[in-house]
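**Student:** Numbering (the working numbering), first residue to last: 960 to 1145.
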Amino acid sequence: MDPWVLGTVAAVATGVTVARRRTVARRRRAIDAALIALPAERDLEAEQLSPPLARLVDGARMTRWAIETPLRRLRALTSLALPRWASRGGAAISEARRALWEWLLSLRRLPPAERAALVGLGLDARPLWALVFAPGIFERTDAVFDEAMFPAAPDADRVLAALAAAMVDLQRFEHAAVSLSAMPYR
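Quick look at the structure:
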């Protein structure tokens, strides 16, 4: 074999490997930054809230943890692409979507007075609803009845950014809802 061809092939393979490793490292740093960017966990006293609102605060915390799970699993992966739908990462992403969906439905079922109080604090669930229905975040294909064994993987950076933003929104909700208990005349 010609040494120039062999050298060229080796250089291209090395370049591709280095680029992939840099991308994986960048993605890991982004996940670490998203997890560190969350304010420190405090013991939120939700006992003074009404029972539905206290359940909603606890549900927001559990939903945030359900969203954190795929982030931690994706960080542990060494490959560049997100895992396929049927793999371990896809199951965690499905669980995160289910948890977020259920939490949003429980938010919708709150009594109107408590929903109005949350809106008065500037809390808006529209970004989280948009995340649930955003194409390419939680679902893997536009065709509902797609029979592909391994649907195309979504854009990993977009998924990671959306999940990190959802975690921040949920934690902001937790802290704002608990602040309602500090307001004596609501």
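Every residue, glycine too, gets a C-beta built ideally from N, C-alpha and C.
Could you give the C-beta distance for A1093 and L1063, rounded to a whole number, given that I count them as a contact under 8 Å?
**Tutor:** No, A1093 and L1063 are not in contact; Cβ-Cβ is about 13 Å, not under 8 Å.
**Student:** Does DSSP put D1114 in a helix, in a strand, or in coil?
**Tutor:** In the structure shown, D1114 sits in coil (DSSP, three-state: anything other than H, G, I, E or B).
**Student:** When the Cα atoms are used, what is the spatial distance from A970 to T982?
**Tutor:** Straight-line Cα distance between these residues: approximately 18 Å.
**Student:** Report, in whole angstroms, the separation of the C-beta atoms of R1070 and P1011, which I expect to be a contact under 8 Å.
**Tutor:** Correcting the residue identity first, residue 1070 is Pro in this sequence and not Arg. Contact holds; Cβ gap of about 7 Å.
**Student:** Considering only C-alpha positions, which residue in the set T973, A1135, A1055 is nearest to A1076?
**Tutor:** A1076 has its Cα closest to that of A1135, out of T973, A1135, A1055.
**Student:** Let me confirm a value: D1017 is counted as buried when at least 16 other C-beta atoms fall within 10 Å, else exposed. Which label applies?
**Tutor:** D1017 is exposed by the Cβ-count criterion.
**Student:** Could you give the distance in angstroms between the alpha-carbon of V977 and the alpha-carbon of E1061?
**Tutor:** Using only the alpha carbons, I get a separation of about 42 Å.
**Student:** Ends of the alpha helix (DSSP H) at F1092?
**Tutor:** Note, F1092: alpha helix (DSSP H), 1085-1092.
**Student:** Decide if R1023 is buried, meaning its Cβ has at least 16 other Cβ atoms within 10 Å, or exposed.
**Tutor:** Classification for R1023: buried.
**Student:** Within 10 angstroms of the Cβ of M1126, are there 16 or more other Cβ atoms? Answer buried if so, exposed if not.
**Tutor:** With 16 or more other Cβ atoms within 10 Å, it is buried.
**Student:** Going along the chain, which residues of its own chain have a beta-carbon closer than 7 Å to the beta-carbon of A1051, five neighbours each way excluded?
**Tutor:** Same-chain partners within the cutoff: T1028, P1029, R1032.
**Student:** First and last residue of the alpha helix (DSSP H) that includes L1077?
**Tutor:** L1077 -> alpha helix (DSSP H) spans 1071-1079.
**Student:** Count the other CB atoms, across all protein chains shown, that sit within 10 Å of the CB of A1025; report buried if there are 16 or more and exposed otherwise.
**Tutor:** Burial call: buried.
**Student:** If we count the other Cβ atoms within 10 Å of its Cβ and call it buried at 16 or more, is L1119 buried or exposed?
**Tutor:** Classification for L1119: buried.
**Student:** Inspect the beta-carbon positions of L1015 and L1066 and report whether they are closer than 9 Å.
**Tutor:** It is a contact, given that the beta carbons lie within the stated cut-off.
**Student:** Determine the DSSP secondary structure at I1052, reduced to helix, strand or coil.
**Tutor:** If DSSP states are grouped into helix, strand and coil, I1052 belongs with the helices.
**Student:** Among residues of its own chain, excluding the 5 on either side of E1054, which ones have a beta-carbon nearer than 6 Å to its beta-carbon?
**Tutor:** Result list for E1054: A1025, in chain order.
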